[in-house]
Structure formats: C-alpha cells, structure tokens
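In the numbering used here, the protein residues as written are 27 to 173. For every residue, glycine included, the Cβ atom is placed at its ideal position computed from N, Cα and C. So the structure is just underneath, and the comments pick up after that.
This is the structure in structure tokens:
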C-alpha cells in the first residue's frame, strides 16, 4: 500500500467520543518509512514502551515496528476479516457486516495507550472517568448468577 500511495483506514474517536474513519499514510501509522533498511518488523512481540504502565509481562501484539536499534516505533494489532463468512454467505451483499476482534491483550494495550495519551495530564483523565467510576458496583469477576 505504501509503495502505491494507498492510505490506511484509521478509526479514531473525536472530542465527543464518536468514532470517525480517517485516512493515514502507512509511514505515519508505522512512524517510519516501511521500506527503509533501518525498519524491522517484529511479529508477536510485546510493545515495550507500555511496560511502565503494566505489572508483569505485557501480552504480545501482532506486529511491532522497530528500528534496527530495537527502539519500538509503532505497535499494531492486525484485524483481517474475509466476507462473506459462514454466517453471511447466503445473504445479499447489503446484509454483509464486519467484525472487530477484541482479545484480552487488546484491552491491555487500549488501557496503556489511554494512560500514555494522558500521561502529562492525569487529572483530565480522572475527571472524565469519575462519573463512570461512581456507577460501578462490582470491581471483581464475581458476578451474581441469574441462572
């Protein structure tokens, strides 16, 4: 895509927490020229810049873009979906859908990226989360059984 000048579709959240799809060049997402001889692609590797936010071993993510010195430049979870699949192959195209796969590691990296984004202004993060936090009744994995 980079060599053909095709931009990537990138989902971001705007100021009022609405999803927006924007386009970004591959070099911006990778934080480097993807064809550079200094670029290294590490598969199934922890994104170590977030270790400061996490106790224990970080889970691996699909792709970490590094330079040859080992500095992490970008971490990427790759989501590939082939449509139609076994649930949609009998439907017309207007009934096809997409999926977002969220694994436990994805949640860890989402939380770390939020902390990283607000690392210079944690008070703003606290202010945004306070109204939500006050409504949480259960902080453990012990949910009541309704069966």
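Contact set for residue i: own chain, Cβ-Cβ below 6 Å, skip 5 residues either direction
i, result
"residue 85", "131 and 134"
"residue 90", "68, 71, 73, 98 and 101"
Residues near residue i by beta carbon distance below 8 Å, same chain, minus five either side
i, result
"residue 34", "27, 49, 50, 51, 52 and 55"
Residue i, enclosing alpha helix (DSSP H) - first and last residue
i, result
"residue 142", "130 to 143"
"residue 151", "148 to 159"
Local conformation of residue i per DSSP, three classes
i, result
"residue 163", "coil"
"residue 116", "coil"
Same chain, Cβ closer than 7 Å to residue i, five either side skipped, listed in chain order
i, result
"residue 59", "53 and 65"
>> Restricting to runs no shorter than 4 residues, where is the alpha helix (DSSP H) found entirely within the stretch 30 to 111?
In response: The alpha helix (DSSP H) runs of length 4 or more contained entirely in the stretch 30 to 111 are, from start to end of the chain, 52 to 56.
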